[in-house]
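What follows is a set of notes on a single structure, which appears directly below.
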Amino acid sequence: MSFSSEVKEELSRQLSSARHCQIAEVTAIISMCGRVSISTRDKVHVKITTENISVARKYFTLLKKTFNINGEVSVKIHGLHGQNSSYSVTVKEHGDALRVLMAARLVKQDLDIAENMSLVDNMIVQKSCCRRAFIRGAFLVAGSISDPEKFYHFEIVCATMPKAVQLQEMLLTFELDAKIVQRKTHYVVYIKEGAQIVDALNVMEAHVALMNLENIRIVRDVRNTVNRKVNCETANINKTVNAAVKQIEDIEYLQEHLGLDKLPDNLADMAELRLEQRESTLKELGMMLTPAVGKSGVNHRLRKLSQIAEKLRQNKEDYYD
Numbered sequence: 008m009s010f011s012s013e014v015k016e017e018l019s020r021q022l023s024s025a026r027h028c029q030i031a032e033v034t035a036i037i038s039m040c041g042r043v044s045i046s047t048r049d050k051v052h053v054k055i056t057t058e059n060i061s062v063a064r065k066y067f068t069l070l071k072k073t074f075n076i077n078g079e080v081s082v083k084i085h086g087l088h089g090q091n092s093s094y095s096v097t098v099k100e101h102g103d104a105l106r107v108l109m110a111a112r113l114v115k116q117d118l119d120i121a122e123n124m125s126l127v128d129n130m131i132v133q134k135s136c137c138r139r140a141f142i143r144g145a146f147l148v149a150g151s152i153s154d155p156e157k158f159y160h161f162e163i164v165c166a167t168m169p170k171a172v173q174l175q176e177m178l179l180t181f182e183l184d185a186k187i188v189q190r191k192t193h194y195v196v197y198i199k200e201g202a203q204i205v206d207a208l209n210v211m212e213a214h215v216a217l218m219n220l221e222n223i224r225i226v227r228d229v230r231n232t233v234n235r236k237v238n239c240e241t242a243n244i245n246k247t248v249n250a251a252v253k254q255i256e257d258i259e260y261l262q263e264h265l266g267l268d269k270l271p272d273n274l275a276d277m278a279e280l281r282l283e284q285r286e287s288t289l290k291e292l293g294m295m296l297t298p299a300v301g302k303s304g305v306n307h308r309l310r311k312l313s314q315i316a317e318k319l320r321q322n323k324e325d326y327y328d
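Throughout, our numbering is defined as the position within the sequence shown, counted from one, plus 7.
Here's what the structure looks like:
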């Protein structure tokens, strides 16, 4: 089971104790995957269709718990080999359907159905707990989270821009920096920062998934820290080795074309010691000199030797200056 499926499975079992929160979650489910139909006799029916059985089960439970309504469940098998299923839960009784829509604020004062199935007003999500329930319902229907072992990405796909903006504003009330991007004909509300996704799971009250994600984040952070340190140390070693190789090349050039005995005593001693101790650090070289010299002093002398070698290569007579 994918991480996203695990989150949805946990959320499908999360049932708010307060009726107003239950209504908020019902509202989100209908808004994201619901359809309202009106018969020739002006009878209203409400139907949600989903490929996720967890959503259908949660919606059916909420209808029963919140409104004492038994939704009619149907299953449709499709796909070339019948490997895919879609689930529908329908409220066929006109009075029941209207009662659900009015409680969910998906109808206007004159009982006109809101065209894009967004909330007519924000009364349904005034409380923080109701916003949590709404976000939970929206994610159940149209959300996904990437495998956190690979990368961090949380998203909820909306059919219209007003729905996306509405959802974004709810997430912002929890200080979640959600953004919107258009993907073909849909609008995606997304979060890409790991810590923010942890907060989003907390908002939806997916506490088991939250702990699992935090554990993965800790391991990833430790691994990344170790990798950075190893890379840094490797880079420093390579830098030190390359510098030592260049120093030795310059000293050998001086030895061949000038003679180390022609150098000032302090530089000659430094050059001879470097040739003898090719793998020693600058600090170690300094401690071997008499009298001992600090790391910066050793670096200065080696740099001076390199400058003399470079001037000698260029046939300059003032190579000591």
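Just so it is clear, CB atoms sit at the ideal spot from N, CA and C, and this is done for glycine as well.
Exercise for review: Just grab the DSSP bridge partners of S151 for me.
Suggested key: In the DSSP output, where bridge partners are listed per residue, S151 has E162.
Practice item. For G301, count neighbouring Cβ atoms within 10 angstroms of its own Cβ and tell me buried if that reaches 16, exposed if not. Key: G301 should be labelled exposed.
Review point. Alpha carbon to alpha carbon, what distance is there between V233 and A251?
Key: Spanning the two alpha carbons is a distance of roughly 27 Å.
Point to revise | When L265, Q21, D257 are compared against R281, the one with the closest alpha-carbon | key: By alpha-carbon distance to R281, the top candidate from L265, Q21, D257 is D257.
**Study point:** Buried/exposed call for Q90, threshold 16 Cβ in 10 Å
**Key:** Q90 should be labelled exposed.
Exercise for review: For D276, collect the residues of the same chain with a Cβ closer than 7 Å to its Cβ; drop the 5 residues on either side in sequence, then sort them by chain order.
Suggested key: Around D276, the same chain offers L296 as residues with beta carbons nearer than 7 Å, after the five sequence neighbours per side are excluded.
Check your understanding: Touch check for the segment 53 to 69 and the segment 164 to 180: three-plus C-beta pairs under 8 Å?
Key -> No: fewer than three Cβ pairs fall under 8 Å.
Exercise for review: Please state whether DSSP places I76 in a helix, a strand or coil.
Suggested key: Residue state for I76 is assigned as coil, using DSSP reduced to three classes.
Point to revise | Any 3 or more C-beta pairs closer than 8 Å across the segment 201 to 209 and the segment 163 to 177 | key: Cβ pair count under 8 Å is below three, so no.
**Study point:** Per-residue DSSP class, three states only, for G41
**Key:** Reduced to three states, the DSSP call for G41 is strand.
Practice item. Taking only the alpha-carbon atoms, compute the straight-line gap between R285 and P298 and give it to the nearest angstrom. Key: One C-alpha to the other measures close to 20 Å.
Point to revise | Option nearest D154 by Cα separation, candidates E283, F10, K311, S303 | key: The shortest Cα separation from D154 among E283, F10, K311, S303 belongs to F10.
Practice item. Output the distance between the C-alpha atoms of K269 and K236, rounded to the nearest integer angstrom. Key: Just so you know, the alpha carbons of K269 and K236 end up roughly 44 Å apart.
Point to revise | Alpha-carbon spacing of R310 relative to L220, whole angstroms | key: Answer to the nearest angstrom: the Cα atoms are 51 Å apart.
**Study point:** Where the alpha helix (DSSP H) through N249 begins and ends
**Key:** From DSSP, the alpha helix (DSSP H) with N249 extends over 214 to 264.
Check your understanding: Is it right to say A25 is buried, meaning 16 or more other beta carbons lie within 10 angstroms of its own, or is it exposed?
Key -> Residue environment for A25: exposed (fewer than 16 other C-beta atoms within 10 angstroms of its C-beta).
Practice item. Using alpha carbons as the reference points, say which of S303, T247, A35 lies closest to N129. Key: Nearest of S303, T247, A35 to N129, Cα basis: A35.
Review point. Under 9 Å, do L70 and V43 count as touching if we go by C-beta distance?
Key: Inclusion of L70 and V43 in the CB contact set at 9 Å is not warranted, their separation being larger than that value.
Check your understanding: When you compare each of A111, K72, N238, V98 to I5 by their alpha carbons, which one comes out closest?
Key -> With the chain covering 8 to 328 only, the question about residue 5 has no answer from this structure.
Review point. Whose C-beta lies closer than 7 Å to the C-beta of R138 among residues of the same chain, with five residues either side of it excluded?
Key: For R138, the CB contacts under 7 Å within the same chain, skipping 5 residues up- and downstream, are V132, M177, T180 in chain order.
Practice item. Tell me whether V210 sits in a helix, a strand or coil according to DSSP, three-state version. Key: It is helical.
Check your understanding: Going by alpha carbons, who is nearest to A185 out of E162, V226, K191?
Key -> In terms of Cα proximity to A185, the closest of E162, V226, K191 is E162.
Check your understanding: Where do the N-terminal and C-terminal ends of the alpha helix (DSSP H) with K311 fall, by residue?
Key -> First-last of the alpha helix (DSSP H) with K311: 302 to 320.
Check your understanding: Exposed or buried, which one is D49 when buried takes at least 16 other CB atoms within 10 Å?
Key -> Exposed: under 16 other Cβ atoms inside 10 Å.
Review point. Using the rule of at least 16 other Cβ atoms within 10 Å of the residue's Cβ for burial, across every protein chain shown, is E263 buried or exposed?
Key: The residue in question, E263, is exposed, as its Cβ has fewer than 16 Cβ neighbours within 10 Å.
Review point. Out of curiosity, what's the CA-to-CA distance linking T73 and R227?
Key: Spanning the two alpha carbons is a distance of roughly 42 Å.
Check your understanding: Near A63, what residues of its chain come up, given a Cβ to Cβ distance below 6 Å and the 5 sequence neighbours on each side ignored?
Key -> Around A63: T57, Y94, V96.
Review point. Would DSSP call R48 helix, strand or coil?
Key: In the three-state reduction of the DSSP assignment, R48 falls in the coil class, being assigned neither a helical nor a strand state.
Exercise for review: Would you identify the three-state DSSP class for S19, choosing helix, strand or coil?
Suggested key: Here DSSP, grouped into helix, strand and coil, assigns S19 to helix.
Review point. Apart from the five residues on each side of it in sequence, which residues of its chain come closer than 7 Å, Cβ to Cβ, to L13?
Key: Here residue 13 turns out to be Glu, not Leu, going by the sequence shown. Cβ within range, chain order: A216.
Practice item. Name, in chain order, the residues that DSSP records as bridge partners for R190. Key: DSSP lists H193 as partners of R190.
Check your understanding: Excluding the five sequence neighbours on either side, which residues of its own chain have a C-beta within less than 8 Å of the C-beta of S149, listed in chain order?
Key -> The question names Ser, but residue 149 in the sequence shown is Ala. Hits under 8 Å: M39, C40, I163, V164, C165.
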